[in-house]
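If you read the protein sequences in the order shown, they are chains W and R.
Taken in order, the first sequence gives residues 1 to 558; the numbers are from the UniProt record's numbering.
Taken in order, the second sequence gives residues 1 to 429; the numbers are from the UniProt record's numbering.
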Amino acid sequence: MLTKLTGGKVYDPAHQVDGKVMDIYIRDGRIVDRPRDDEPINQEYDIRGKVVMSGAIDMHTHIGGGKVNIARMMLPEDHRSDPAVHSEFCRAGCGHAAPSTLTTGYRYAEMGYTAGFEPALMPVNARQSHLEMGDTPIIDKGGYAMIGSDDFFLRMLTAKQDQNAINDYVAWILHASQTMGIKVVNPGGISAFKFNQRALDLDEQNVHYQVTPREVLKSLSRAVHELGIPHPLHVHGNNLGVPGNVETTLKTMGAVEGYPVHLTHIQFHSYGTEGDRKFSSGAAVIAEALNKHKNVSADVGQILFGQTVTCSGDNMRQYANAGLGSPRKSVIMDIECDAGCGVVPFKYKDQNFVNALQWAIGLEIFLLSDDPWRIFLTTDHPNGAPFTSYPHLIKLLMDKSFRNETFARLNLDAQGMSTLASIDREYSLYEIAIMTRAGAAKLVGLHDRGHLGAGAGADITVYTDNPDREVMFAKPDYVFKDGELVVRNGEVVKVTWGHTHTVKPEFDRGIEKEIKKYFDKYHTMNMENFKVSEDEIAEGGRGGVVVHACEGRRERTE
Amino acid sequence: MENFAEAATINAVACPACGLLCDDLSIERSASGSLNVVKKNCAKSVAFFERPYKPSQPQIAGQASDLKAAIAEAIALLSKAKHPLISGLSTDIQGMRAVMNLAESASATIDHMNGKSSMRNLYVVQNSGWQVTTLTEVRNRVDLLVVVGTDIVSYFSRFFERMIWNSESMFDQDTSAREVVYLGGQNLDTSAGISPKGVKPTVLPCDMDRLPEVTAALRALVSGKHLVATEVAGIAVSDLQKLAERLKAAKYSVMAWVASSLDIKHAELTIQNITGTVEKLNQTTRSSGLPLSGNDGDVGAYNTSSWISGYPFRSSYRRAHPDYDPYHYSTERMLEEHEADIMIWVNSYNPDRLPPETDVPTIVIGHPAMKFKQTPAVFIPVATPGLDITGTQFRSDSSVALPLKKLRETGLPTLTEVLSAIEAGVLTV
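This is how it looks when you write it as structure tokens:
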């Protein structure tokens, strides 16, 4: 089966293709070189004049696991406002802030997204995360295993175990939880909260383990690097949402001592304390530091106005913010001496000073960051806004007059505290393609996604070039997933099951003896049952597990 | 491939007979396929694993039939119905996935056999939220356990053994010095709360239906309010004041309840008093609620339903989208008011959980050992997850899901196979 997409305007930053008119050929789910002239084309799509990109990749989106499902459970009122009706191809569900799994898959695909990564997969809850992602159709998925407040790891740091042992544990976690990367949330802080600490600064000790967040970051970023895991350590820093946390964030960039690190939803970590209300934008210094530190990447975690729900592993900070929730309810959990979670519904309002400034801070970071290969388009779904608002966010980035009109309607005090209106930059289609495709694939470590070269998985999105970028990105003409047409005119026409991406770095299996003893002594589950098998993920005809190579790993240090 | 005709000892077996989902069991299988729990057993696990398997076949109106005919009959009944109810829902995650698919295709409403008690907790989550913890946290951190309105062990046999009187804990706590308080209930068997050193628990009994006042009084005292009354439901306010002080002094108190035991008016307000107390305590120290549930797969069922439809059970696909109404879509009410004109009762785990007696025609898909008082229109015995087939189940605390093992070969169809066949039939009629 050979398919040809004829005459589209191609944006493929991985190959420095910027709007060139090209044909694309697909065979057996892969993009292939131009075939011989005598080979029959089985199907041709005339896409002359249309914009072609690879399928978009959301490198940070809360789509599966305990906290997301708590959010679903606690928000029937939100679901009622967005019922998802069943159609010829799609099952029913619900949308908006915490959409059902099926609707999540359909709606991502309908926006031209073909992959999404759950960034806070708690190893002890891995099975549930994979069950939910397994019920999320069409898109590929994967998770970052959240460690750094787990007792086993913190014990290792207290005991000053050597880096080889840390690396073995990290690798074991990746295998057991079937994940693609490592995430740390409020390093050491989720644990500290259980010992009744209410804040933890970068150099402050966890009272029980006598370990600082800096030490957590150092050992984990090094472990990820030495194991050759493509995705750098994914960091949700300390002091999320706290005015003045810009200092923590700047120090965090240095704490990893040059190892690659990804700072997630950096908008929530870019707050100063200037002005009458002691809340100001730290975007300029953050962007400057990002531009300088080539080992650091970030996604923004843009907030957009309206009702949403915040779900986070950071129960220390979620507890602190629970009183600001709207509607006023929250679920805060300590979980298995492993981590925690906090779910707080939020309604961001454009006339609220703080919310309006948060909105501006996110956009300032986008626009002041020079390198689109190191800054990524996220709303930290659903924490800043539901992922369905991406087309709106893209328009804000690409259309200065639209952005300024929106800005002019915000809380006046917030306007006075932001430089946004003076920033002229407009993102190009090429840059959007970097942020949402090529850069994201490179960052996550998907070698055969995020580009349109021969050998790539045929995840392709075709748009009608519309000066209204929100309209354009909301409703692609065609979306192909692994070469199959899954969306036409913004609607699902075929439901497939995407792959689950993982890494399985080599490690010294000897560590499992220690872990087994530890489980038997302290835990309430057997170590063997903690591990998620590939069969469980692929069950019932769902997409299987893809294992990515860990290249460039370092030898064990002696 | 495992040979099920061979004798073997199987370790790390998870037991779905209650919500604790203990997975430290060892099970011996004889060559004939009979099972024995040889390590870490309790009455519930013995009853679950050691029940001898007697071949069972499908029935139509009480008459022996075969699978194909029984499925065809179920399809015929379902196709005639205007409003099917799928209830029971005692199954694992894989089974629930099939339930959700059939519910959508048959425009059915779903509820669980423990819907009434589960809703008591879900109402609280949806109304105010809560601050709660999980079993490993309890096992390693709790210094003061307050048990509200239950003895716990009649629902969860090994709770104290595994979570309270464990000999080792992560943070070098002397676990035998843990304090236990029973608040509410009468004549509870509180012996499980006696520490290994022989220290007896504090017991503050009251009638169950007075728990709303008692928990409100405790909440008020923890909040620093002064009570004019000297006793509440027979408990001296001074005793409640002492409890409030102990809670405030504790480093990691846990307040546990079992929603099924709160079979009283204002159960959800009682739970909210507990979680409100916890919320208040967390202003200065750490405290957590512990809602114990998960029996008959209820926690797994509402989790699966929530991620697939957005709603826990007591939701419906009567319209083209899921619709949630915990009042209208209760099994009890739907049967009483004849709103449902057919019921499918799904029950994989405990053969004693029979469908409610009703004149609404009932299709039972469940445990092969089920014996009926009222003959169902159709009965299809299916494989039990964790016994006859592999599966996945959620634990009480909703944070841990564990794999269930296949221990023997019975050749029974899976719930998924049966429901998918019915769904395919319904869609083509």
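Ideal placement from N, C-alpha and C gives every residue a C-beta, glycine not left out.
Query, Result
"Compute the Euclidean distance between the alpha carbons of K494 (chain W) and L485 (chain W), then round it to the nearest angstrom.", "7 Å"
"Check distances from the C-beta atoms of the segment 305-329 of chain R to those of chain W and list, in chain order, the residues that come in under 7 Å.", "S306, W307, I308, S309, G310, Y311, P312, Y317, A320, H321, P322 and Y324"
"Mind checking which residues open and close the beta strand (DSSP E) that includes L404 (chain R)?", "A401 to L404"
"At a Cβ threshold of 9 Å, is N347 (chain R) touching chain W?", "no"
"Going by other Cβ atoms of all chains shown within 10 Å of its Cβ, with 16 needed for buried, is R178 (chain R) buried or exposed?", "buried"
"Between the segment 377-392 of chain R and the segment 403-415 of chain R, can you find at least three pairs of beta-carbon atoms closer than 8 Å?", "yes"
"Using a cut-off of 9 Å between C-beta atoms, extract the partners of T500 (chain W) located in chain R.", "Within chain R, no residue comes near T500 (chain W); the closest Cβ sits about 16 Å away, beyond 9 Å."
"Would a C-beta distance cut-off of 9 Å place I26 (chain W) and T136 (chain W) closer than the cut-off?", "no"
"If you pair each beta-carbon of the segment 423-434 of chain W with each one of the segment 505-514 of chain W, do three or more pairs fall below 8 Å?", "no"
"Please check if any C-beta of chain W sits within less than 9 Å of the C-beta of G297 (chain R).", "no"
"Span of the beta strand (DSSP E) holding Y348 (chain W)?", "A339 to Y348"
"In three-state terms, what does DSSP make of S316 (chain R)?", "strand"
"Please list the partners that S330 (chain W) has in chain R, where partner means a Cβ-to-Cβ separation under 7 Å.", "G129"
"Relative to the C-alpha of I27 (chain R), which residue among R:W165, R:G19, R:K40 and R:K248 is closest?", "R:K40"
"Check each residue of the segment 7-34 of chain R: if its Cβ is closer than 7 Å to any Cβ of chain W, include it; give the result in chain order.", "A12, A14, D23 and D24"
"How is F387 (chain W) classed by DSSP in three states: helix, strand or coil?", "helix"
"Note down, in chain order, each residue of its chain lying with its Cβ closer than 7 Å to the Cβ of E6 (chain R), except the 5 sequence neighbours on either side.", "A31"
"Note the first and the last residue of the continuous beta strand (DSSP E) segment covering E179 (chain R).", "E179 to L183"
"Run down chain R in chain order and give the residues with a C-beta less than 7 Å from the C-beta of Q210 (chain W).", "Neighbours of Q210 (chain W) on chain R: none; closest Cβ ~13 Å, over 7 Å."
"How close, in whole Å, do the beta carbons of G490 (chain W) and K504 (chain W) come, if the pair is a contact with beta carbons under 8 Å?", "G490 (chain W) to K504 (chain W), Cβ: 37 Å. No contact."
"Since W257 (chain R) contacts I271 (chain R) with CB under 8 Å, what's their CB separation in whole angstroms?", "6 Å"
"May I ask you to list, following chain order, the residues of the segment 61-85 of chain W that have a beta carbon less than 7 Å from some beta carbon of chain R?", "G66, N69, R72, M73, M74, P76, H79, P83, A84 and V85"
"Thinking C-alpha only, which one of W:H225, W:A199, W:L174 and W:K20 is nearest N315 (chain W)?", "W:A199"
"Name the DSSP bridge partner or partners of C206 (chain R)?", "R:G185"
"Identify which residue in W:F195, W:G188 and W:R409 has its Cα closest to the Cα of L202 (chain W).", "W:G188"
"Taking the alpha carbon of G116 (chain W) as the point to measure from, which residue in W:M133, W:L154 and W:L324 has its own alpha carbon closest?", "W:M133"
"Could one say the Cβ of A401 (chain R) lies closer than 9 Å to chain W's Cβ atoms, at least one of them?", "yes"
"Give the range of the alpha helix (DSSP H) segment to which P291 (chain R) is assigned.", "First-last for P291 (chain R): R286 to L292, but that is the beta strand (DSSP E), not the alpha helix (DSSP H)."
"Assign S45 (chain R) to one of three DSSP states: helix, strand, or coil.", "helix"
"Between D12 (chain W) and L452 (chain W), which are expected to be in contact by the criterion C-beta below 8 Å, what is the C-beta distance as a whole number of angstroms?", "4 Å"
"Of all the CB atoms in chain A, is at least one closer than 9 Å to the CB of C311 (chain W)?", "No chain A is present in this structure, whose protein chains are W and R."
"Give a yes or no on whether the minimum CB-CB distance between T277 (chain R) and chain W is below 9 Å.", "no"
"Which same chain residues end up closer than 6 Å to G425 (chain R) when comparing Cβ atoms and leaving out the 5 residues on each side of it in sequence?", "I75"
"When you compare each of W:R328, W:M525, W:G237 and W:F346 to C337 (chain W) by their alpha carbons, which one comes out closest?", "W:M525"
"For the beta strand (DSSP E) that Q358 (chain W) lies in, which residues bound it at each end?", "Q358 (chain W) -> not in any beta strand (DSSP E); alpha helix (DSSP H) instead, spanning F353 to L368."
"Might you give, ordered along the chain, the residues of its own chain that have their beta carbon closer than 7 Å to the beta carbon of T464 (chain W), omitting 5 neighbours on each side?", "K50, M472 and D477"
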